[in-house]
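Asker:
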Amino acid sequence: MPSGQMKEEILRSYLAKSLERFYPDGVPDDINKVYSDLSSDQLDAISSELEDVLGAIEKNHIKKHKMLDAVFVSELARAPRSKLTIMNLGRPTAKSSSEGEVFLDVRVLQAIFRGALLENLRLGEDRGLSVLLRPGPNDPQKFDSTYLPSAQTEEQRAAIAELVQLIEDARATPGHGAIGDLFAVWGGDDFSEAPWFRMTEFALRSQNLQLRYVGASLFLLAHEYGHLALRHHDRLKSLKKEFPEGDRRDESVYCSAVRDLEHAADLYGLLLISPYSQVNSPPPFLDFLGTAQILTGYRTFFQYGYDLGGFAYTSGEACKYPTNKDRYELVEEVNTALTTARAEEFMRALGQTLGK
Amino acid sequence: MRKFLVLLPLVLIVACEKAGPGPGTVLETEGFKAFPSPRTFDPPGRIYRVDPTGSVFGVTSLKLKSQQGKEEIADYKDTTDISLKQVLETIGVPATKFPVVAALDFERKRRFETKSVSGVREFVDDEQVDQQLPLALGSITIRDDNQYYIIRETVMTDNIDYVSEKSWLVSLGLDAEFQNVVKAHSDLNWGTGKTFSLKKKFDGLRRVWYKAERLVIELPLGAAPGQLPLVKRGKVAPGEFSLSGPVVEQP
Numbered sequence: 001m002p003s004g005q006m007k008e009e010i011l012r013s014y015l016a017k018s019l020e021r022f023y024p025d026g027v028p029d030d031i032n033k034v035y036s037d038l039s040s041d042q043l044d045a046i047s048s049e050l051e052d053v054l055g056a057i058e059k060n061h062i063k064k065h066k067m068l069d070a071v072f073v074s075e076l077a078r079a080p081r082s083k084l085t086i087m088n089l090g091r092p093t094a095k096s097s098s099e100g101e102v103f104l105d106v107r108v109l110q111a112i113f114r115g116a117l118l119e120n121l122r123l124g125e126d127r128g129l130s131v132l133l134r135p136g137p138n139d140p141q142k143f144d145s146t147y148l149p150s151a152q153t154e155e156q157r158a159a160i161a162e163l164v165q166l167i168e169d170a171r172a173t174p175g176h177g178a179i180g181d182l183f184a185v186w187g188g189d190d191f192s193e194a195p196w197f198r199m200t201e202f203a204l205r206s207q208n209l210q211l212r213y214v215g216a217s218l219f220l221l222a223h224e225y226g227h228l229a230l231r232h233h234d235r236l237k238s239l240k241k242e243f244p245e246g247d248r249r250d251e252s253v254y255c256s257a258v259r260d261l262e263h264a265a266d267l268y269g270l271l272l273i274s275p276y277s278q279v280n281s282p283p284p285f286l287d288f289l290g291t292a293q294i295l296t297g298y299r300t301f302f303q304y305g306y307d308l309g310g311f312a313y314t315s316g317e318a319c320k321y322p323t324n325k326d327r328y329e330l331v332e333e334v335n336t337a338l339t340t341a342r343a344e345e346f347m348r349a350l351g352q353t354l355g356k
Numbered sequence: 357m358r359k360f361l362v363l364l365p366l367v368l369i370v371a372c373e374k375a376g377p378g379p380g381t382v383l384e385t386e387g388f389k390a391f392p393s394p395r396t397f398d399p400p401g402r403i404y405r406v407d408p409t410g411s412v413f414g415v416t417s418l419k420l421k422s423q424q425g426k427e428e429i430a431d432y433k434d435t436t437d438i439s440l441k442q443v444l445e446t447i448g449v450p451a452t453k454f455p456v457v458a459a460l461d462f463e464r465k466r467r468f469e470t471k472s473v474s475g476v477r478e479f480v481d482d483e484q485v486d487q488q489l490p491l492a493l494g495s496i497t498i499r500d501d502n503q504y505y506i507i508r509e510t511v512m513t514d515n516i517d518y519v520s521e522k523s524w525l526v527s528l529g530l531d532a533e534f535q536n537v538v539k540a541h542s543d544l545n546w547g548t549g550k551t552f553s554l555k556k557k558f559d560g561l562r563r564v565w566y567k568a569e570r571l572v573i574e575l576p577l578g579a580a581p582g583q584l585p586l587v588k589r590g591k592v593a594p595g596e597f598s599l600s601g602p603v604v605e606q607p
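Okay, here's the thing in structure tokens:
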């Protein structure tokens, strides 16, 4: 791809657009400020983009319906309709209603965006194949409930500044067509400074960032859609009928069942997004850059977006909500089983093909 | 902002029990009901719930600045159930002034017709309500089997005129006593016709009518705890909600 086209794509990317929306003046002076000063045009654009994401989730649901239906205890709705409402109240809102409405506050999107930048900064850009290794005890890939991203103000600054710089550099680098790129490489003293090489570097650097951001947004929306797909609102109604208010203490069967709804929606999100939940997917070890893992988004959401978004860890509700750590660990466990099974399945098939 | 003019006095008529509703009028069409007594409390934004037994409980009040406008609505009628006891309380006459045997009759609900009203209408807009409702209800235990309502508009006045037929007081033999007692507390006009009227002037505006809206509250499923409830508003069906009974404050 010529450098001019790459430049255009980088500057038009979801990542660059989000930077412009959430941090139009670069790194904010007050890092804790929840940026909500969005124009109605910007809100419409966000809404339109996420409606596309939700539309993709709906399509994938239909595509994977049979597989998903075999996994979950509750009967899966065939093609539940959903309607997205983007809110701008500055509250940590991500919820769904019995009428198929999904509500998301831009504060959460901003938190996911910042979380993706922060995660990328912590994991580094040059991890390469190491993203496939199992995380060690002090590895930032491992979920750490003592690490609160909201407290890491300097890291947050550095993460935002990194993307600001990347976009500025991309903007400042001239873009050429294919012939222009050829002459620029041919006529220059340093190949690596030629626009094509610079743009390729920017594209690679922004790719994981964008994947993390899109992945976490996808996971969150898939979680909410999961409540609709798994008919959780009906289930909650019947639970409420079955258990009168006096029987809804935290240790009750009722509360346990309510917590299960959240875990099930998380697992639905994973299975919907993961390529390894469908037959004939490529084996995990061929995903050299860990793209599939990053795109599942749950880690970015639970470790970074959750805390940065200001989501509560406890509430005054009768039933305690499962913690983000509990939720992460369950999804991680299932994801590990899923990828392992897919790898084993592939190796078995390969062995049979080779006549073993 | 809507602005209206005050021109006509408020007149409530205590009609005979079998009187049917009058022709549709502006406030009636809009769904207004009379408070059991004129009052300074219960402004727009007050929320009630009704439990399965029909008991009405106060829930909370939205912190809203209502908009106000003076209003003239000529010759309209509404029917509502209210007892003479409540009327007497409004003008400051305790029912205990009358023989115990009359108590049951005094408490029996009778239909009132409002023939005309002047007053100040106060109201809150959807925008104000929708902003505050989820927050206000988010900190309250929402009971699955209760119905929730919010007062959206009221009409206030500083004077009220009750009119009723004399015949039922005469049949109880209380007409003379009634005249003696009531005269001391209100401007009673017994007259020579079939009806009498009680006029009461308040020392300020009192809320006399209210218009309520049904609240349908759903506790959503969310990505984290503490998600605010989803609240939809709906029209109250005729006879669905009334403040005519006692209101219990939130236990």
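For the protein sequence lines, the chains are A and B, in the order given. Residue 46 in my numbering is what sits at position 46 of the first sequence, and the numbering runs on without skipping anything. Just remember that my numbering sits 356 ahead of the position in the second sequence, which is counted from 1. Yeah, the Cβ is synthetic: ideal placement off N, Cα and C, and Gly gets one too.
(1) Any beta carbon of chain A sitting closer than 8 Å to that of Q503 (chain B)?
(2) Along the beta strand (DSSP E) that carries M512 (chain B), what are the first and last residues, could you check?
(3) Taking Cβ positions only, does A312 (chain A) come closer than 8 Å to chain B?
(4) What's the gap between the Cα of G425 (chain B) and the Cα of L599 (chain B)?
(5) Counting pairs of beta carbons, one from the stretch 270-289 of chain A and one from the stretch 334-347 of chain A, are three or more of them closer than 8 Å?
(6) List the residues of chain A that Q583 (chain B) touches, going by C-beta distances under 8 Å, in chain order.
(7) Quick check on DSSP: helix, strand or coil for N545 (chain B)?
(8) Can you name the start and end residues of the alpha helix (DSSP H) that L571 (chain B) belongs to?
(9) Compute the Euclidean distance between the alpha carbons of D260 (chain A) and K95 (chain A), then round it to the nearest angstrom.
(10) Under 9 Å between beta-carbons, which chain B residues line up against E224 (chain A)? List them in chain order, please.
(11) Within 10 angstroms of its Cβ, does F479 (chain B) collect 16 or more other Cβ (buried), or is it exposed?
(12) Give a yes or no on whether the C-beta atoms belonging to L104 (chain A) and L577 (chain B) are separated by under 8 Å.
(13) At least one CB of chain B closer than 8 Å to the CB of S130 (chain A): is that the case?
(14) So, is the C-beta of E386 (chain B) closer than 8 Å to a C-beta in chain A?
(15) Go ahead and pull the three-state DSSP assignment for A158 (chain A).
(16) Using beta carbons (cut-off 8 Å, strictly below), is E574 (chain B) in contact with chain A?
(17) What would DSSP say about L363 (chain B), mapped onto helix, strand or coil?
(18) Roughly how many whole angstroms lie between the Cα atoms of T497 (chain B) and R405 (chain B)?
(19) Residues of the stretch 203-215 of chain A in Cβ contact with chain B at a cutoff of 7 Å, in chain order, please.
(20) Who are the neighbours of K240 (chain A) on chain B, taking C-beta pairs under 8 Å?
(21) Should S542 (chain B) and V519 (chain B) be called a contact, given that it needs their Cβ atoms to be closer than 8 Å?
(22) Closer than 7 Å between beta carbons: that is the criterion. Which residues of the stretch 259-276 of chain A meet it against chain B?
(23) Write down the C-beta distance between G55 (chain A) and R81 (chain A) rounded to the nearest angstrom, noting that I regard them as a contact closer than 8 Å.
(24) Near T357 (chain A), which residues of its chain fall below 7 Å by C-beta distance, leaving aside the five closest residues on each side in sequence?
Answerer: Let me lay it out:
(1) Residue numbering aside, residue 503 (chain B) sits at position 147 when the second sequence is read from its first letter. At a cut-off of 8 Å between C-beta atoms, Q503 (chain B) does not count as an interface residue with respect to chain A.
(2) Stepping through the second sequence from its first residue, residue 512 (chain B) is reached at position 156. Looking at the DSSP string, the run of the beta strand (DSSP E) that includes M512 (chain B) is 503-521.
(3) Your numbering for residue 312 (chain A) matches position 312 in the first sequence. Answer yes: the Cβ-Cβ gap between A312 (chain A) and chain B drops below 8 Å somewhere.
(4) Taking the second sequence and counting its residues from 1, one reaches residue 425 (chain B) at position 69. Taking the second sequence and counting its residues from 1, one reaches residue 599 (chain B) at position 243. If you take the alpha carbons of G425 (chain B) and L599 (chain B), they lie about 24 Å apart.
(5) The stretch 270-289 of chain A makes contact with the stretch 334-347 of chain A, as at least three CB pairs between them are under 8 Å.
(6) By 1-based counting over the second sequence, the position of residue 583 (chain B) is 227. Ordered by position in chain A, the residues that pass the 8 Å Cβ test against Q583 (chain B) are T93, A94, K95.
(7) As a working note, residue 545 (chain B) is residue 189 in the second sequence. It is a strand residue.
(8) Locating residue 571 (chain B) in the second sequence gives position 215, counting from the first residue. Membership of L571 (chain B) in any alpha helix (DSSP H) is not indicated; the residue belongs instead to the beta strand (DSSP E) covering 551-574.
(9) For the purposes of this step, residue 260 (chain A) is identified with residue 260 of the first sequence, where counting begins at 1. For the purposes of this step, residue 95 (chain A) is identified with residue 95 of the first sequence, where counting begins at 1. Between D260 (chain A) and K95 (chain A), the C-alpha separation is close to 16 Å.
(10) On the first sequence, position 224 is the one that residue 224 (chain A) refers to. Going along chain B in sequence order, the residues near E224 (chain A) (Cβ under 9 Å) are L577, G578, A579.
(11) Walking along the second sequence from the start, residue 479 (chain B) turns up at place 123. Classification of F479 (chain B): buried, given that the 10 Å Cβ count is 16 or more.
(12) Position 104 of the first sequence holds residue 104 (chain A). Position 221 of the second sequence holds residue 577 (chain B). Between L104 (chain A) and L577 (chain B), the gap from beta carbon to beta carbon reaches 8 Å or more.
(13) Within the first sequence, numbered from 1, the residue matching residue 130 (chain A) stands at position 130. Caution is warranted here: a pLDDT of 45 is assigned to S130 (chain A), below 50, making its placement in the model unreliable, and the coordinate value is therefore given only provisionally. Answer no: the Cβ-Cβ gap between S130 (chain A) and chain B never drops below 8 Å.
(14) Taking the second sequence and counting its residues from 1, one reaches residue 386 (chain B) at position 30. Closer than 8 Å: no.
(15) Mapped onto the first sequence, residue 158 (chain A) falls at position 158. Note: A158 (chain A) maps to helix in three-state DSSP.
(16) Residue mapping note: residue 574 (chain B) aligns to position 218 of the second sequence, counting from 1. Interface residue, yes.
(17) Here residue 363 (chain B) refers to the residue found at position 7 when the second sequence is read from its first residue. Any reading at L363 (chain B) is ruled out, since the residue's pLDDT is 33, under 50, leaving its predicted position unreliable.
(18) To locate residue 497 (chain B), count along the second sequence from 1; it is residue 141. To locate residue 405 (chain B), count along the second sequence from 1; it is residue 49. If you take the alpha carbons of T497 (chain B) and R405 (chain B), they lie about 12 Å apart.
(19) Of all residues in the stretch 203-215 of chain A, none has a Cβ within less than 7 Å of some Cβ in chain B.
(20) Here residue 240 (chain A) refers to the residue found at position 240 when the first sequence is read from its first residue. The contacting residues are D500.
(21) If you number the second sequence from 1, residue 542 (chain B) lands on position 186. If you number the second sequence from 1, residue 519 (chain B) lands on position 163. Cβ distance not < 8 Å, so S542 (chain B) and V519 (chain B) don't count as in contact.
(22) Against chain B - using a Cβ distance shorter than 7 Å - the residues of the stretch 259-276 of chain A are L261.
(23) The residue given as residue 55 (chain A) occupies position 55 in the first sequence. The residue given as residue 81 (chain A) occupies position 81 in the first sequence. 11 Å between Cβ atoms; not a contact.
(24) Missing from the structure shown is residue 357 (chain A); chain A here goes from 1 to 356 and no further.
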